[in-house]
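The structure under discussion appears below in the form of structure tokens.
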Amino acid sequence: MPSESVHTVRSYEQELGRMRALMTRMGGIVESQVAQALTAVIESDEEAAQAAPAQDPQVDALEREVETLAIRLLALRNPMAGDLREVVAALKITGDLERIGDYAASIARRSTRFDLADGRISLSGLESMGRLVQENLRRAIDAIVQQDADQAMDVWHADRAVDEYYTAMFRALVTYMMEDPRHIGPCTHLLFIAKNLERIGDHATNIAERVYYAVTGDNLPALRPRGGAQSDLTENVSPR
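For the sequence shown, the numbering used here begins at -19 and goes up steadily by one.
As structure tokens, this is what we get:
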């Protein structure tokens, strides 16, 4: 192979590697944001509540950097087959990661707006849901790094459990509000937080679907596994 061709191939591989590294870094920051947001809610940690939104500019900057690099690869390198799928998936995955960061920042900000000093509202369900969402996000990001279709499939199936937690949380919080009107304020904030966690789970599943397609060339079923009977009311609390 002529030296110029060798150089071109090496440069192309370096750009692909850089794109993957940027996505990995972006995923790590977003994971940190979600962890801090949950700490802010569960432990009433004001420092964590400030830390999660503070990382938003980094996430936004990385999204723009990945997009610029991906567009350059598409325009100048003419990627084919698996490489083409990976580059196109990267454009979509960074959007999912950016939205996850936004939801984490929203959770962190909302954690400072209510007080559970009377101790009558349990956060154990929210904590369990948060841990599952964190685990799904971690595995989705690992699937990106390792280009692991099997791990992506595991995340896709786990979305059902997140939905089940959310449905249970919704019912429990509505019950708290019916029992004591003083709980309406804090429970409303907790409903939004639970919905944000459910949305983070959805975006982690989006990532899993995109990784699976990039690796295998096949799409997962359009209809995802759903958990519980999510009512119309649960959709109405979505923080758009």
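The beta carbon of each residue, even a glycine, is placed where N, CA and C say it ideally should be. Predicted, not measured: the structure shown is a model, and the values here were computed from it.
Taking all protein chains shown into account, do 16 or more other C-beta atoms lie within 10 angstroms of the C-beta of P201, making it buried, or fewer, making it exposed? exposed
Under 8 Å between the Cβ atoms of S133 and Y193? Per the sequence shown, residue 133 should be read as Met rather than Ser. Contact: no.
Between which residues of its own chain and R0 is the CB-CB distance below 6 Å, once the five residues before and five after are set aside? none
Once you ignore the five residues that flank S91 on each side, which residues in its own chain have a CB closer than 6 Å to its CB? A20, V21 and A29
Exposure label - R44; buried when at least 16 CB within 10 Å: exposed
Would you decide whether M6 is buried or exposed? Buried here means 16 or more other CB atoms lie within 10 Å of its CB. buried
Can you tell me where the alpha helix (DSSP H) holding I51 begins and where it ends? D36 to R52
Using only the alpha-carbon positions, how far apart do L112 and V142 sit? 7 Å
Jot down the residue ranges of each uninterrupted alpha helix (DSSP H) in the region 69 to 144, minimum 4 residues, whole runs only, in chain order. 104 to 126
Contact set for Q(-6): own chain, Cβ-Cβ below 7 Å, skip 5 residues either direction: none
Ignore the nearest five residues each way along the sequence and tell me which others in A69's own chain have a CB closer than 8 Å to its CB. R190, V191, Y193 and A194
First through last residue of the alpha helix (DSSP H) which encompasses P166: I164 to T196
If you measure between the beta carbons of R57 and Y(-8), is that distance less than 8 Å? yes
Looking at the structure shown, is E66 part of a helix, part of a strand, or coil, going by DSSP? helix
Relative to the C-alpha of E107, which candidate in A17, D128 and G8 has its C-alpha closest? A17
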